[in-house]
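Peer 1: Those letters in the sequence shown? Residues 1 to 324, per UniProt numbering, in order.
Each residue gets a CB set at the ideal place from its N, CA and C atoms; glycine is no exception.
The structure follows.
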Amino acid sequence: MDSVLISTPDNPVPENRTEGYFETHDGWKLRYAVFRSDASVAKGTVVILQGRNEYIEKYFETIRDLTAKDFWVAIFDLRGQGGSPRLIKKRQHGHVRRFSDYERDLDTFLEKVVLPDTRLPFYLLGHSTGGLIALSAAPYLATRIERMVLSAPFIGLIGQAASASTIRRLAATACSLGLGSLPLSRKLRELPFQDNPLTSDEVRFERNIAMMREHPELMLGPPTARWVHESFKAIDKVLMPSHLFSITIPTIVIAPTRDGVVPYIAQERLSRYFRAAQLVPINGARHEIFQERDAYRAAALAAFHAFIPGSDAEAAEEVEGFGV
């Protein structure tokens, strides 16, 4: 059977895996993979929820980090991106009909893949949009997920040509006019390394750019008005004190202080009202902490291992000086 994952010389596919597609509640077949550690007894399974315009291959390095520490990893491409089917004819437009579809896909993935085919206990690692999905679904995940680690969760927006309030208003207006499948901008600009808000690591940045150029079928352009509108509605929901109070899963929020996509102050404010959560700032890091320079990645991974039961007890010592 041919692999559904893409391997490149500078980003090979980790071994000891299962890959394929699982079917959603509404008939889409989403690409997934499960990576197993070599340990005879696993410490549990980390379920990774990606950010917008991400894909399984982007996490190969982090998957190796986790399996080397005796965890299994389960990951899938969100509907409409990566190796999963596009939802509208213009396949480069990042689209979702309802944000709750992401949550239902997570529930299906847990039911069909994670519960029967991986190892307990289950932990969730959500980045950016994946963090927003986790926050939105969290009140219903308490019986399945032991702990959550959220990396720069998408709860605000900066670094755009227009203000977040203007973008929100334009998206809502477009949707009300039946234009939800149209993007709010014509194309997604490819920024040079020195101007990018995602990472200060040039090698990892260029690795991701090379994947984008060699395999454009994995990539997306700008999000549609519907995607933006649904995401802002989800942000409003998860930031309500009543919603945050209903989350009982112990959580850490890994917050890069130089995040150029999600404002750090919003992540800090979230932790004040989220009683089950603790803020872990990574001083100097940009938005994609697991694509960052080694020092920042090490700090984030050390915070993860210090927080997850059964992981490295000494990991907390490694993050001194990074705000943890």
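1. Could you spell out the range, first to last residue, of the beta strand (DSSP E) harbouring I48?
2. Taking only heavy atoms of the ligand ATP into account, decide whether any of them is closer than 7 Å to the Cβ of F232.
3. I'd like to know whether the C-beta of L124 is nearer than 8 Å to at least one C-beta of chain C.
4. Going by Cα to Cα distance, which pick from W28, A174 and R64 is closest to F35?
5. Who are the Cβ neighbours of S18 in its own chain at under 6 Å, not counting the five residues just before and after it?
6. Which stretch, first to last residue, makes up the alpha helix (DSSP H) that contains G130?
7. Hey, would you say R119 sits closer than 8 Å to A68, going by beta carbons?
8. Mapping DSSP to helix, strand and coil, what is M212?
9. A277: which of T251, A266 and C175 sits nearest, CA to CA?
10. Out of F193, M212, S200 and S151, state which residue places its alpha-carbon closest to the alpha-carbon of A300.
11. If you count every other CB in all the chains shown that lies within 10 Å of the CB of H25, and 16 or more means buried, which is it?
12. Tell me the DSSP secondary structure of Q194 in three-state form.
13. I need the DSSP call for Q278, collapsed to helix, strand or coil.
14. Decide yes or no for the touch test of the region 243-258 against the region 86-94: beta carbon pairs closer than 8 Å, at least 3 of them.
15. Buried or exposed for F193, going by 16 or more other Cβ atoms inside 10 Å?
16. Report, in whole angstroms, the separation of the C-beta atoms of F76 and S136, which I expect to be a contact under 8 Å.
17. Could you pull out every residue in the same chain whose Cβ sits closer than 8 Å to the Cβ of E318, ignoring the five residues on either side in sequence?
18. I'd like the ranges of any beta strand (DSSP E) spanning at least 3 consecutive residues and lying wholly in the region 15-59.
19. In the DSSP assignment, find the alpha helix (DSSP H) that holds E268 and state where it starts and stops.
20. For the beta strand (DSSP E) that F76 lies in, which residues bound it at each end?
Peer 2: On the basis of the data shown:
1. Working through the sequence shown from its first residue, we reach residue 48 at position 48. T45 to L49 is the extent of the beta strand (DSSP E) around I48.
2. The ligand content of the structure shown is nil, which means the ligand ATP is not present either.
3. The displayed structure is made up of one protein chain only, and chain C is not part of it.
4. Residue numbering aside, residue 35 sits at position 35 when the sequence shown is read from its first letter. Of W28, A174 and R64, the residue nearest in Cα terms is R64.
5. Position 18 of the sequence shown, counted from the first residue, corresponds to residue 18. The question names Ser, yet the displayed sequence has Thr at residue 18. Result list for T18: V34, in chain order.
6. The residue you call residue 130 lines up with position 130 of the sequence shown. Segment T129 to A137, the alpha helix (DSSP H) holding G130.
7. The residue you call residue 119 lines up with position 119 of the sequence shown. The residue you call residue 68 lines up with position 68 of the sequence shown. No, the pair does not count as a contact, with Cβ atoms beyond the cut-off.
8. Numbered from its first residue, the sequence shown carries residue 212 at position 212. Here M212 sits in helix by DSSP.
9. Sequence index remark: in the sequence shown, residue 277 carries index 277 (1-based). Out of T251, A266 and C175, T251 has the C-alpha closest to the C-alpha of A277.
10. As a first step, residue 300 is located in the sequence shown; it is residue number 300 there, counting from the start. Nearest of F193, M212, S200 and S151 to A300, Cα basis: S151.
11. As a first step, residue 25 must be located in the sequence shown, where it is residue number 25. It is exposed - the Cβ of H25 has fewer than 16 other Cβ atoms within 10 Å.
12. Here residue 194 is taken as the residue at index 194 of the sequence shown, counted from 1. Q194 falls in the helix class under three-state DSSP.
13. For this step, residue 278 is matched to residue 278 along the sequence shown. Of the three classes helix, strand and coil, the one that applies to Q278 here is strand, per DSSP.
14. no
15. Position 193 of the sequence shown, counting from 1, holds the residue named residue 193. Looking at its Cβ environment, which holds fewer than 16 other Cβ atoms inside 10 Å, F193 is exposed.
16. One-based indexing of the sequence shown puts residue 76 at position 76. One-based indexing of the sequence shown puts residue 136 at position 136. With 8 Å as the limit, F76 and S136 do not qualify as a contact, their Cβ atoms being about 17 Å apart.
17. Within the sequence shown, the letter at position 318 stands for residue 318. Because E318 sits at a pLDDT of 46, beneath the cut-off of 50, its placement in the model cannot be relied upon, and the point is left open.
18. 17-23, 29-35 and 45-49
19. Residue 268 sits at position 268 when you count from the first residue of the sequence shown. It spans Y264 to Y273 - the alpha helix (DSSP H) in which E268 sits, taken as one unbroken run.
20. As a working note, residue 76 is residue 76 in the sequence shown. First-last of the beta strand (DSSP E) with F76: W72 to F76.
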